[in-house]
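**Q**
In the working numbering, the protein residues as written are 295 to 633.
(1) Any contact of the stretch 417-426 with the stretch 377-395, i.e. 3+ C-beta pairs under 8 Å?
(2) So the alpha helix (DSSP H) residue 302 belongs to, where does it begin and stop?
(3) In whole angstroms, what separates the C-alpha of residue 306 from that of residue 368?
(4) According to the Cβ coordinates, are residue 508 and residue 477 closer than 8 Å?
(5) Just to check my reading of the structure: residue 571 and residue 497 have Cβ atoms closer than 8 Å, yes? What is that Cβ distance to the nearest angstrom?
(6) Quick one: Cα of residue 296 to Cα of residue 303, how far?
(7) How is the beta strand (DSSP E) around residue 459 delimited, first residue to last?
(8) Does the contact criterion of 3 or more C-beta pairs under 8 Å hold for the stretch 531-547 versus the stretch 456-464?
(9) In whole angstroms, what is the alpha-carbon distance linking residue 544 and residue 481?
(10) Classify residue 565: buried if its beta carbon has 16 or more other beta carbons within 10 angstroms, exposed otherwise.
(11) Specify, as a first and last residue, the run of the beta strand (DSSP E) that residue 374 falls within.
(12) What is the DSSP secondary structure of residue 438, counted as helix, strand or coil?
(13) Look at the alpha carbon of residue 495 and the alpha carbon of residue 487, and state the distance between them as a whole number of angstroms.
(14) Return the first residue and the last residue of the alpha helix (DSSP H) that residue 351 is part of.
(15) Less than 8 Å between the beta carbons of residue 400 and residue 590, yes or no?
(16) Okay, do the stretch 366-385 and the stretch 317-330 touch, 3+ Cβ pairs below 8 Å being the bar?
(17) Measure how close the beta-carbons of residue 569 and residue 582 come, nearest whole angstrom, since I'm counting them as under 8 Å.
(18) Does the distance from the C-beta atom of residue 555 to that of residue 623 stay below 8 Å?
(19) When we look at the beta-carbon of residue 395 and count the other beta-carbons within 10 Å, is it buried (16 or more) or exposed?
(20) Excluding the 5 residues flanking residue 601 on each side, which residues of the same chain have their C-beta closer than 7 Å to its C-beta?
(21) Excluding five sequence neighbours on each side, which residues of the same chain lie with their C-beta closer than 6 Å to the C-beta of residue 548?
(22) Is it buried or exposed for residue 383, if we count other Cβ within 10 angstroms and need 16 for buried?
(23) For residue 443, collect the residues of the same chain with a Cβ closer than 8 Å to its Cβ; drop the 5 residues on either side in sequence, then sort them by chain order.
(24) Could you check what DSSP says for residue 529 in three-state terms: helix, strand or coil?
(25) So is residue 633 buried or exposed if we call it buried at 16+ other beta carbons inside 10 Å?
(26) For residue 523, which residues in the same chain have their Cβ closer than 6 Å to its Cβ, ignoring the five residues on either side in sequence?
(27) Which residue from 446, 299, 576 and 514 puts its Cα closest to that of residue 364?
(28) My assumption, with CB atoms under 8 Å, is that residue 330 sits in contact with residue 351. Please give the rounded CB distance.
(29) Roughly how many whole angstroms lie between the Cα atoms of residue 403 and residue 485?
(30) Does DSSP put residue 318 in a helix, a strand or coil?
(31) Across which residues does DSSP place residue 550 in a beta bridge pair?
(32) Using a threshold of 8 Å, state whether the C-beta atoms of residue 621 and residue 540 are closer than that.
(33) What is the DSSP secondary structure of residue 580, counted as helix, strand or coil?
(34) Give the single residue among 463, 316, 512 and 311 whose Cα lies nearest to the Cα of residue 336.
(35) Would you say residue 479 and residue 618 are within 8 Å of each other, going by their C-beta atoms?
Okay, structure coming up:
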């Protein structure tokens, strides 16, 4: 088994920890959290905007806790780390881990600074280490099924797809403090809507030929809402992406897709998360969507396998995650002027 530590124990840190415990190839050797006293409280009362699986409270409470990676490495022998700190800390923590000879799985978004992202990719290559960015939607069952339907042309060629993701203003963990540090998180564009931007680029294997977009400011950044239209000329496919967290904090999370093919429309919504619907001109049928939360287990399983084989498939490389960051910036360059 490979020994791993989770760095940062907020909503995502807990999510990664509970899924590491389920993986037979990984051992959760340590938790690194500067606020050591908060760990037990967070285990007992996790926060977040979606369900990511059951927490094994007793197992998590037995894991040693350290306040820094340096202190952790003085006591523990590690193979890898899962980095779940806020985005503005990614560069320093990923660099420290790579320089310590550790494989890294870092939460999305990779980095807001493209040049620093390129630097970390080079560092991982020089040290022959796995560096993977956790874009979980690629691994979620309803989206994996859509990917399969698109590429197999089960219902003919894709003509149009709409991807959406909405949330109330996040107030859990450190998010309330991020309002005072305006823009540091990347806002909804880089932290929330990036899921759908990344998935669309993942499906088509490249960025769109044309983007038209409009953004609105919120309490976290100047781009906490996005309404975008993409065009892939060679495939004659239109893509619509909409989402944001400009809504009041009690507004419930919702995400989904509507994909129009030649022979049917395929749709999914977290408001009815058990099923994927397939509508033709003559009937409506449904198929099992499976558990959204399995996406976290699936991405961690790929990371574990990549450590073991010392090979991360190219379509999951950190370069693809950095390309997604560049694609997010394109939406700011192409937005319509506010009138």
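From the three backbone atoms N, C-alpha and C, an ideal C-beta is built for every residue, glycine too. Bear in mind the structure is a predicted one, so any value in this text is a computation, not a measurement.
**A** A quick look at the data gives this:
(1) yes
(2) Residue 302 -> no alpha helix (DSSP H), and no H or E assigned at all.
(3) 25 Å
(4) no
(5) Wrong, their Cβ atoms sit about 19 Å apart, outside the cutoff.
(6) 20 Å
(7) Unbroken beta strand (DSSP E) run through residue 459: 452-462.
(8) yes
(9) Distance between the alpha carbons of residue 544 and residue 481: 18 Å.
(10) With a threshold of 16 other beta carbon atoms within 10 Å, residue 565 falls short and is exposed.
(11) 374-377
(12) helix
(13) 13 Å
(14) Unbroken alpha helix (DSSP H) run through residue 351: 351-355.
(15) no
(16) yes
(17) 7 Å
(18) no
(19) exposed
(20) 296, 373, 374, 397 and 424
(21) 460, 564 and 565
(22) exposed
(23) 449, 553, 555 and 560
(24) Correct three-state label for residue 529: coil.
(25) Low per-residue confidence applies at residue 633: pLDDT is 39, beneath 50, and the placement is therefore not dependable enough to give any value.
(26) 506 and 534
(27) 299
(28) No, residue 330 and residue 351 are not in contact; Cβ-Cβ is about 17 Å, not under 8 Å.
(29) 6 Å
(30) Three-state DSSP puts residue 318 in coil, outside helix and strand.
(31) In the DSSP assignment, residue 550 is bridged to 458 and 563.
(32) no
(33) strand
(34) 311
(35) no
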